[in-house]
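This report concerns only the one structure given below.
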Amino acid sequence: MGGASNVLPTESVLLANNIQKYLVENTRLGIPAIIHEECCSGYMARGATVFPQAIGVASTWEPELVEKMADVIRHQMRSVGAHHALGPVLDVTRDPRWGRVEETFGEDPYLVARLGVAYIRGLQGEHLENGIVATGKHLSATASLKVA
73 MGGASNVLPT ESVLLANNIQ KYLVENTRLG IPAIIHEECC SGYMARGATV
123 FPQAIGVAST WEPELVEKMA DVIRHQMRSV GAHHALGPVL DVTRDPRWGR
173 VEETFGEDPY LVARLGVAYI RGLQGEHLEN GIVATGKHLS ATASLKVA
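Residue numbers (the working numbering): 73 to 220.
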């Protein structure tokens with residue numbers, strides 16, 4: 073909600089709470105929503121911390137730093153009622169002409185795996201009840217593509 077708008081964090085959390093209340097109290101099954109947000113370079117919302125793009129973060133070769141960064145993102149997202157993150161990007165860059173290279177951790181599969189795991193650990197935390205569910209993207213969709 074925060075990333076898709078220009079609302080302040082206080083407005084974002086009120087909106088999320090109102091949506092949850094409506095869904096629980098006014099729908100047949102009473103199932104709350106899973107609020108998701110983008111987070112490739114931090115929680116993508118007004119007032120949130122902006123981190124370097126993943127390709128820049130990868131240049132550190134420091135999984136512990138990536139985990140700490142994702143922990144900050146987790147806290148910011150939880151504070152506004154988000155439960156699900158659209159990240160990290162786990163694609164291995166093979167062609168620098170691809171338009172989303174900056175969202176990746178680069179061309180080294182080992183580095184992508186190490187930093188991807190660190191990012192997921194930081195987002196999800198020790199226990200998911202206090203964490204953010206991470207979505208490792210777009211790997212499953214692109215892994216089966218063959219270049220002619």
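Note that beta-carbon positions come from the ideal geometry of N, C-alpha and C, so glycine has one too.
Here the structure is a predicted model, which means the values were calculated and not measured.
Tell me, to the nearest whole angstrom, how far the beta carbon of Val152 is from that of Val85; I am working on the premise that it is less than 8 Å. 5 Å
Starting from the N-terminal side, write out each stretch of the beta strand (DSSP E) that is 3 residues or longer and does not extend beyond the segment 118-193. 156-158
Would you say the segment 124-143 touches the segment 80-100, given that touching needs at least three Cβ pairs under 8 Å? no
Is it buried or exposed, Arg169, if we count other Cβ atoms within 10 angstroms and call 16 or more buried? exposed
Along the beta strand (DSSP E) that carries Glu110, what are the first and last residues, could you check? 108-110
Best match in Leu158, His155, Gly203, Pro124 for proximity to Val138 [C-alpha to C-alpha]: Pro124
Cβ contact check for the segment 160-180 and the segment 100-107: 3 or more pairs under 8 Å: no
Hey, is Glu83 close to the ligand SAH, as in C-beta under 7 Å from one of its heavy atoms? This structure lacks the ligand SAH, and indeed carries no ligand of any kind.
Find the nearest neighbour of Gly178 within the set Pro160, Gly194, Arg193, Ile192, judged by alpha-carbon distance. Pro160
If you check the beta carbons only, do Leu195 and Gly203 fall under 8 Å apart? yes
Coarse secondary structure for Val96, derived from DSSP in three states: helix
Use the C-beta contact count for Glu175: other C-beta atoms within 10 angstroms, 16 or more gives buried, fewer gives exposed. buried
When burial is assigned at 16 or more other CB atoms within 10 Å of the CB, is Arg172 buried or exposed? exposed
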